[in-house]
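Student: Sharing a structure with you now.
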Amino acid sequence: MLRRNFLTLMAGTALVAVARPAFAELPKIQKKDTYKVGFAQTESNNPWRIAQTKSMQDEAAKRGWQLVYTDAAGSAAKQVADVNSMIAQGVDAIFLAPREEKPLIPAVMGAKKAGIPVILLDRNVDPSLAKPGEDYVTFIGSDFIEEGKRAAEWLTKTMNGKASIIQLEGTTGSSPANDRAKGFADYIKDHPDMKIVASQSGDFARDKGRQVAETLLQAHPEATAIYAHNDEMAIGAISALEAAGKNPGKDVIIVSIDGTRDALQAIIDGKMGATVECSPFFGPAAFDTLVKYAAGETIPPKIINTDRFFDAANAKENLASAY
Ligand code: GYE
8 MLRRNFLTLM
18 AGTALVAVAR
28 PAFAELPKIQ
38 KKDTYKVGFA
48 QTESNNPWRI
58 AQTKSMQDEA
68 AKRGWQLVYT
78 DAAGSAAKQV
88 ADVNSMIAQG
98 VDAIFLAPRE
108 EKPLIPAVMG
118 AKKAGIPVIL
128 LDRNVDPSLA
138 KPGEDYVTFI
148 GSDFIEEGKR
158 AAEWLTKTMN
168 GKASIIQLEG
178 TTGSSPANDR
188 AKGFADYIKD
198 HPDMKIVASQ
208 SGDFARDKGR
218 QVAETLLQAH
228 PEATAIYAHN
238 DEMAIGAISA
248 LEAAGKNPGK
258 DVIIVSIDGT
268 RDALQAIIDG
278 KMGATVECSP
288 FFGPAAFDTL
298 VKYAAGETIP
308 PKIINTDRFF
318 DAANAKENLA
328 SAY
């Protein structure tokens, strides 16, 4: 009996040790002419995701690489399973857009254990649980804290330092939702009349954003501004305002993030104030980074995209090239 307990305990210990090999090195990748790579997408319910997927597929086609593409359909658990299936298919490397910061850690560690390098695209994982240069190669994406700050700065100026703000948050537990909230809050801290009166997740989705905005506007009819963590929720908020008999762009000022075609059109129509660009075009940078890594070059822990800013001054001239 005792011995059996001891053996079970040992088996359990061994399992834990295997799940997070503390000292194992970042997997290497051989230099080859073409690769078979995986791209694990989070969901495809918005123009940003569709543009990102197309950018990856176009780049793979251009280089003649094989792309194993999966769509987690909004489920972190499915995304972990998708990565496991890529590992089983023996891909050379995995591009992962981790839907949430913590639940995707097992996927990153599983690939590392299997000797397959991972490059994180657009979203990050919890930095205390997995590290660039150790557990995955690097993170390529925008500076979400900066995006939140830029949105807050524009809103503060436009509202002359006074606003009752409804915040529509992105997917709970995702790095852009966490950091866009933080950047915005950090900026308005120094402006005491800029107040967030309500804040709730709309899961980065248009219809969820509309529903949440509807509820929050009923509870806070005094709101004079909406800060949405992405354009899809901002467009949802426009519908909610109109349904409530309010005039978006006049009664309530909207600022958000992404730079989609619909958002630029809403700016041109005067319904939305501004949007901070967050580029979804990752293909060239993602594939270039893998090639450099295979060549033995040192890859920085973060590769940050440069993003523009759209408002009434430049929305029109950028509409045709928007996604
Ligand atoms: O803003 C949003 C998408 O992770 C940066 O996710 C990305 C965000 C983007 O669904 O529209």
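Going by the numbering used here, the first residue of the sequence shown is number 8, and it counts up by one from there. Glycine residues also receive a C-beta, built at the ideal position from the N, C-alpha and C atoms. On a predicted model such as this, the values are computed, not experimentally measured, just so you know.
Say yes only if the C-beta of Pro183 is nearer than 7 Å to one or more non-hydrogen atoms of ligand 1, and no if none qualify.
Tutor: True, at least one ligand heavy atom lies under 7 Å from that Cβ.
Student: What is the residue span of the beta strand (DSSP E) that Phe46 lies within?
Tutor: Run containing Phe46: 43-48, per the beta strand (DSSP E) assignment.
Student: Assuming Arg130 contacts Arg106 (C-beta within less than 8 Å), just tell me the rounded distance between them.
Tutor: That pair is a contact at about 7 Å.
Student: For the alpha helix (DSSP H) holding Tyr300, just list the boundary residues, first then last.
Tutor: Note, Tyr300: alpha helix (DSSP H), 290-301.
Student: Taking the C-alpha atoms as reference points, what is the distance between Lys309 and Leu127?
Tutor: In a straight line, the C-alpha of Lys309 is about 10 Å away from that of Leu127.
Student: Please list the segments of the alpha helix (DSSP H) lying wholly inside the stretch 182-227, counting only runs of 4 or more residues, in order along the chain.
Tutor: Counting whole runs of 4 or more residues, the stretch 182-227 contains the alpha helix (DSSP H) stretches 182-195, 213-226.
Student: Could you give the distance in angstroms between the alpha-carbon of Pro28 and the alpha-carbon of Leu162?
Tutor: For Pro28, the pLDDT reaches just 48, beneath the cut-off of 50, and the residue's location in the model is therefore unreliable, leaving the point undetermined.
Student: Is the beta carbon of Asp129 within less than 7 Å of some heavy atom of ligand 1?
Tutor: Answer for Asp129: yes, Cβ within range of ligand 1.
Student: Identify, in the order they occur along the chain, each residue of the same chain with its Cβ nearer than 6 Å to the Cβ of Gly42, setting aside the five sequence neighbours on each side.
Tutor: Inspection of the sequence shows that residue 42 is occupied by Tyr rather than by Gly. Answer for Tyr42: Trp72, Asp99, listed in chain order.
Student: Closest to Lys344 by CA distance: which of Val144, His198, Glu153 is it?
Tutor: No answer is possible for residue 344: the residues shown for the chain start at 8 and end at 330.
Student: Is it right to say Ile311 is buried, meaning 16 or more other beta carbons lie within 10 angstroms of its own, or is it exposed?
Tutor: Exposed, because fewer than 16 other Cβ atoms sit within 10 Å of the Cβ of Ile311.
Student: Any idea if Glu154 is buried or exposed, counting beta-carbon neighbours within 10 angstroms, 16 or more meaning buried?
Tutor: With 16 or more Cβ atoms within 10 Å of its Cβ, Glu154 is classed as buried.
Student: If you follow the alpha helix (DSSP H) that Gly155 is in, where does it begin and where does it stop?
Tutor: From DSSP, the alpha helix (DSSP H) with Gly155 extends over 151-165.
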